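In terms of my numbering, the numbers along the sequence shown are unbroken and rise by one, the last being 560.
We treat Cβ as the ideally placed atom computed from N, Cα and C, and that holds for glycine.
Everything numeric in this text was worked out from a predicted model, so none of it was measured.
For reference, the structure is listed below as structure tokens.
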Amino acid sequence: MKILRLVAHAACLPLFAIAISPAQASVNNTTATVPSIAWSPCPDAWTGPASPDLGNRLECGSMSAPLDHEAPDGNLLEIGVIRVRAAVPALREGSIFFQAGGPGAHPGTLLQAIARAWTDSDLIYQHHLSERFDLVAVIPRGLVGSGELRCVTGMPPSYETLSGDLSDANWNLMLSEAQAIADACRAPWHARYINTEQHVHDMDMLRRALGDQRLHFYGISYGSLVGAWYASVYPYHTGRMLWDSGLDVTRDYATALQSAVAAQHEAIMRKALAPILRDPARYGFGSDPGIVAETVDNFPARMRKLRLAAIQTPEELAATLHLANLWEVRKPATLNAMLRLLRNPLAPDPNMDARLRHMANKLATLVYAPPGTTPRFQSGPEGDSVRVVVPCNDMPWTRSESAVRRAARENARRYLSTTGHEVLDEIVCLRWGPPTARPMVSANIELAPPFLMLQSDADTSTPLTGAMNVLDRFANARMLLVRNSDEHGLFNFTRSPCIELTAARYLATGQLPETGSRAFACDGTLGSPLEGIPGEPPPPVVEPVAVTLPAPAAHDELR
């Protein structure tokens with residue numbers, strides 16, 4: 002397998018899910034106009050520099066879409082589209098529509114990287130996809146190329162980390178910031194029609210322009226919501242759908258955010274805290290594991306500004322807990338004072354001590370860092386703006402602000418992983434006004450052909466419980482479970498022939514594993530394609546095996 006030089010794997014985040022209506026609704030079968038697209042070389046701002054490997058196959062264009070497809074009034078929005086044409090036009094079978102994640106993830110750079118990898122692949126079905134299918138994307142509204150939206154500042158919040166400070170004063174600062182964001186992001190003329198519903202109508206415009214009867218789809222993370230919404234509106238034009246590390250489309254945004262917080266906390270407990278509790282002395286906590294548990298339970302508010310959800314190892318957690326102890330007991334007023342304290346040994350073993358003190362020193366610089374003075378964006382100003390707008394436009398947010406605050410207190414008590422950022426998201430949408438998207442109708446999704454989900458068993462961004470809920474809800478759902486993996490985003494990102502073959506074969510032909518089960522499994526990812534050694538023989542091909550999953554657990558995320 003050739004190395005896949007993928008970019009910005011984090012484009013899959015942030016992510017959400019949405020509640021869907023169980024009632025049957027009409028299916029969009031109307032005969033619509035076929036847009037005309039003038040294809041030309043792509044702007045670097047859309048795709049990055051064009052790869053010589055793709056030659057003139059990489060093309061871009063735009064189409065004039067109604068601002069509101071469901072109630073057109075003459076207002077139009079220019080929507081950017083990207084494609085890599087099938088390498089053998091005479092063998093072309095259709096198109097694969099790609100959704101990079103999000104909301105707020107631009108598809109251009111990652112689409113080009115995937116197209117290059119398929120073109121160079123030694124694997125038969127990736128090569129089949131490259132030869133016979135266009136790989137295409139509609140640039141989501143609000144991103145570069147589709148009516149850019151820039152309504153967030155990128156500046157640090159004016160309030161302290163909510164999980165560490167839920168005082169009236171800090172809460173009111175957050176409310177003021179949420180109102181300012183809502184006001185700024187509602188103001189642009191097209192902002193209220195930047196949502197998932199309008200995006201899938203834009204996708205169908207491109208399907209018609211390409212002359213395809215069915216839309217085949219590959220979506221990562223939030224991309225599963227896009228696929229589900231398309232199938233709910235256009236089930237009879239829906240082809241094969243691959244949902245990679247997808248959202249629980251049977252639940253709402255707030256529940257999805259909460260599920261991720263809980264899963265991240267459980268991962269910290271399992272991967273980082275449990276080893277320390279088994280051998281506290283090794284990590285510098287003496288012989289009593291109760292000391293460690295007490296430190297976790299009484300974690301200082303100041304330390305909550307650290308990105309604790311990213312903790313992966315016991316060493317990272319131990320360094321964080323030692324820093325927390327020094328803060329609580331010695332209360333050093335400056336960074337230099339803390340660094341002097343960190344010159345003292347933290348653990349008896351010299352190698353472990355060196356690792357812990359190195360990590361603690363790096364963490365200390367974050368704890369004492371002054372507020373930033375320059376903008377910082379996760380997905381650029383447009384991507385971060387779209388991330389705010391889409392959830393508010395997609396669905397109603399129904400909790401009261403007092404209920405949100407009570408939940409924030411409970412989260413701070415229960416979960417080491419939370420910063421409270423999800424609270425700001427919810428308050429912005431509570432102050433946004435009613436959604437512009439019509440409810441997605443779940444019953445129509447069942448009219449589409451069988452679709453395939455890829456799911457890591459330990460994914461903390463979109464936990465396994467969500468995929469199990471989808472499998473339980475939709476008879477046409479199938480799931481490839483990847484055991485012993487926490488990867489978020491699997492297809493094209495692993496060295497496992499079991500995963501790569503199953504996903505590519507399904508996208509290319511519609512063939513699913515013949516296991517007699519709706520759920521089947523591969524063991525592990527075998528690492529990233531970037532870890533492969535040139536000339537190394539590929540791992541042996543192993544087909545998935547049938548698995549039986551327990552019934553989905555009852556939801557208590559918002560309890």
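Inset, instruction - Go to MET64, then tell me how far its beta strand (DSSP E) extends in each direction, as first and last residue. - result: 59 to 67
Legend entry - Terminal residues of the alpha helix (DSSP H) in which ASP121 lies: 109 to 121
Inset, instruction - Return the chain-ordered list of same chain residues with a C-beta closer than 7 Å to the C-beta of VAL391, the five sequence neighbours on each side being excluded. - result: PRO104, ILE195, ASN196 and THR197
Inset, instruction - Give me the Cα-Cα distance between ARG308 and SER418, rounded to the nearest whole angstrom. - result: Cα to Cα, ARG308 sits roughly 8 Å from SER418.
Legend entry - Contact set for LEU448: own chain, Cβ-Cβ below 6 Å, skip 5 residues either direction: PRO236
Inset, instruction - Could you tell me the distance, in whole angstroms, from the CA atom of ASP121 to the CA atom of HIS128? - result: 8 Å
Legend entry - Rounded distance between the beta-carbons of ASP460 and SER246, thought under 8 Å: 6 Å
Inset, instruction - Determine the DSSP secondary structure at TRP542, reduced to helix, strand or coil. - result: As written in the sequence, residue 542 is Val, which differs from the Trp given in the question. Residue state, collapsed to three classes: coil.
Inset, instruction - Quick one: grab the DSSP three-state call for SER222. - result: coil
Inset, instruction - Output yes or no for whether 9 Å exceeds the beta carbon distance between VAL250 and MET441. - result: Yes, they are a contact pair.
Legend entry - beta strand (DSSP E) segment containing THR239, residue limits: Where THR239 is concerned, the enclosing beta strand (DSSP E) stretches over 239 to 245.
Legend entry - Local conformation of ARG265 per DSSP, three classes: According to the sequence as given, residue 265 is Gln; it is not Arg. In the structure shown, GLN265 sits in a helix (DSSP, three-state: H, G or I).
Legend entry - Reference GLY75, options ARG84, ILE83, ALA264 and SER65, closest by Cα: SER65
Inset, instruction - Tell me whether the beta-carbon of ALA257 lies closer than 9 Å to the beta-carbon of ILE446. - result: no
Legend entry - Sheet register partners of GLN100 (DSSP bridge): GLY220
Inset, instruction - Buried or exposed for PRO53, please, with buried defined as at least 16 other CB atoms from any protein chain shown within 10 angstroms of its CB. - result: exposed
Legend entry - Sequence-distant residues of the same chain with beta carbon closer than 8 Å to VAL89, five excluded per side: GLU132 and ARG133
Legend entry - Paired residues, beta bridge with GLY81 - DSSP: SER63
Legend entry - 6 Å Cβ shell around GLY62 - same chain, five flanking residues per side excluded: ILE38, ALA39, TRP40 and VAL82
Legend entry - Own chain partners of ALA275 with C-beta closer than 6 Å, once the 5 adjacent residues on each side are dropped: Closer than 6 Å at the Cβ level, and outside the excluded window around ALA275, lies no residue.
Legend entry - For VAL524, the three-state DSSP class (helix, strand or coil): Looking at the sequence itself, residue 524 is Asp, so the reference to Val does not match. The answer is strand: DSSP assigns ASP524 an E or B state.
Inset, instruction - Have a look at TYR369 and ALA302 and give me their C-alpha separation to the nearest angstrom. - result: 13 Å
Inset, instruction - Count the other CB atoms, across all protein chains shown, that sit within 10 Å of the CB of PRO541; report buried if there are 16 or more and exposed otherwise. - result: By the 10 Å Cβ count, PRO541 comes out exposed.
Inset, instruction - Tell me whether ASP426 sits in a helix, a strand or coil according to DSSP, three-state version. - result: helix
Legend entry - Beta carbon of SER260 nearer than 9 Å to that of GLY102: no
Inset, instruction - Buried or exposed for MET156, please, with buried defined as at least 16 other CB atoms from any protein chain shown within 10 angstroms of its CB. - result: A residue is called buried once 16 or more other Cβ atoms fall within 10 Å of its Cβ, and MET156, having fewer, is exposed.
Legend entry - N-terminal and C-terminal residue of the beta strand (DSSP E) that SER457 is part of: 452 to 457 is the extent of the beta strand (DSSP E) around SER457.
Inset, instruction - Report the option in ARG187, VAL429 and LEU163 whose CA atom is closest to the CA atom of THR420. - result: LEU163
Legend entry - For ASN485, the nearest candidate out of LEU513, THR526, ARG506 and PHE452 (CA to CA): THR526
Legend entry - Below-9 Å beta-carbon distance, ARG356 vs any chain B residue: Absence of chain B from the displayed structure is noted, only one protein chain being present.
Inset, instruction - Count the CB pairs spanning the region 262 to 281 and the region 303 to 323 that are closer than 8 Å, and state whether there are at least three. - result: yes
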